[in-house]
Amino acid sequence: MSTKTNIAIIDDHQLFREGVKRILDFEPSFEVVTEGDDGEEALRIVEDHKPDVVIMDINMPNVNGVEATRQLVEANPEAKVIILSIHDDENYVTHALKTGARGYLLKEMDADTLIEAVKVVAAGGSYLHPKVTHNLVNEFRKLATNGSNGTSQAIQPEIRRPLHILTRRECEVLQMLADGKSNRGIGEALFISEKTVKNHVSNILQKMNVNDRTQAVVVAIKNGWVEVR
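Note that the UniProt record's numbering gives residue 189 to position 189 of the sequence shown, counting from 1, and the numbers run on in steps of one.
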């Protein structure tokens with residue numbers, strides 16, 4: 001029995017689609033089983049090929065990626081869709097997630113981010129581009145610090161690092177996740193390899209009993225474990 005993750009790519013820009021496919025083809029556990037260039041094709045493609053993960057461009061003619069995702073998830077609630085977008089505005093992100101997308105990536109992503117996102121979503125988690133996570137954190141901060149009289153009020157007078165759960169290094173990595181840094185960015189900041197960063201992130205998720213980076217950041221903010229800056 002095949003253990004590969006079957007992937008469908010739906011994007012109306014052929015050159016970009018081919019680039020994404022090339023990146024995914026480098027991962028031995030992935031197989032791109034079909035491609036499409038229109039949201040209208042999404043339902044038929046999923047019905048015919050039954051991919052484990054659908055990578056969907058947000059801006060396409062006729063039916064855009066968000067509407068295609070809504071239709072897809074409505075017909076198949078277990079569908080796992082990752083939206084590709086040039087928009088990092090939280091309104092685009094929340095709208096895409098409300099329609100049932102499991103992931104949201106910016107087209108400026110690097111290869112490692114794409115591969116990591118597919119693995120997380122295929123395993124049942126959710127994945128947001130680090131920059132998107134940072135923007136959502138900032139929006140959360142604005143909402144949380146806005147008092148009833150419209151003035152900003154401090155809500156984090158003291159940061160309580162979760163040293164009862166995480167090591168000091170893992171606390172540093174958690175803070176950088178909240179800052180919106182990618183694995184590569186965290187590695188460069190801490191002078192450690194990306195593989196080591198991935199190990200730290202995996203340990204953090206396990207210890208915090210969450211499924212993905214975004215959940216870890218949300219829990220950390222709610223508990224006052226990270227600075228929101």
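We treat Cβ as the ideally placed atom computed from N, Cα and C, and that holds for glycine.
Where residue i falls: helix, strand or coil (DSSP)
{"i": "Asp112", "result": "helix"}
{"i": "Ala79", "result": "coil"}
{"i": "Thr34", "result": "strand"}
{"i": "Phe26", "result": "coil"}
{"i": "His134", "result": "helix"}
{"i": "Val228", "result": "coil"}
{"i": "Ser152", "result": "Low confidence applies to Ser152: its pLDDT is 46, below 50, so where it sits in the model is not reliable enough to give any reading."}
{"i": "Ala123", "result": "coil"}
{"i": "Glu40", "result": "coil"}
{"i": "Thr99", "result": "coil"}
{"i": "His13", "result": "coil"}
{"i": "Glu63", "result": "Here residue 63 turns out to be Val, not Glu, going by the sequence shown. Val63: coil per DSSP, three-state reduction."}
Outcome for residue i when other beta-carbon atoms lying within 10 angstroms are tallied against a minimum of 16
{"i": "Asn91", "result": "exposed"}
{"i": "Lys98", "result": "exposed"}
{"i": "Pro28", "result": "exposed"}
{"i": "Arg160", "result": "exposed"}
{"i": "Ser148", "result": "Note that Ser148 has pLDDT 43, beneath the 50 cutoff, so the model's placement of it is unreliable and no number is given."}
{"i": "Ile86", "result": "exposed"}
{"i": "Phe26", "result": "exposed"}
{"i": "Lys4", "result": "exposed"}
Identity of the residues DSSP links to residue i by a beta bridge
{"i": "Ala8", "result": "Thr34 and Val54"}
{"i": "Ser85", "result": "Leu106"}
{"i": "Tyr92", "result": "In DSSP, Tyr92 forms no bridge with anything."}
{"i": "Leu128", "result": "Tyr104"}
Identity of the residue in the options nearest residue i by Cα
{"i": "Asn62", "options": "Val197, Leu174, Asp12 and Arg102", "result": "Asp12"}
{"i": "Arg22", "options": "Ile45, Gly36 and Ala111", "result": "Ala111"}
{"i": "Asp212", "options": "Ala79, Val118, Ile10 and Phe30", "result": "Val118"}
{"i": "Ala189", "options": "His200, Val173 and Asn203", "result": "Val173"}
List, from N- to C-terminal side, the alpha helix (DSSP H) runs of 4 residues or more that fit wholly inside the UniProt domain "HTH luxR-type" (159-224). 168-178, 183-190, 194-208 and 213-222
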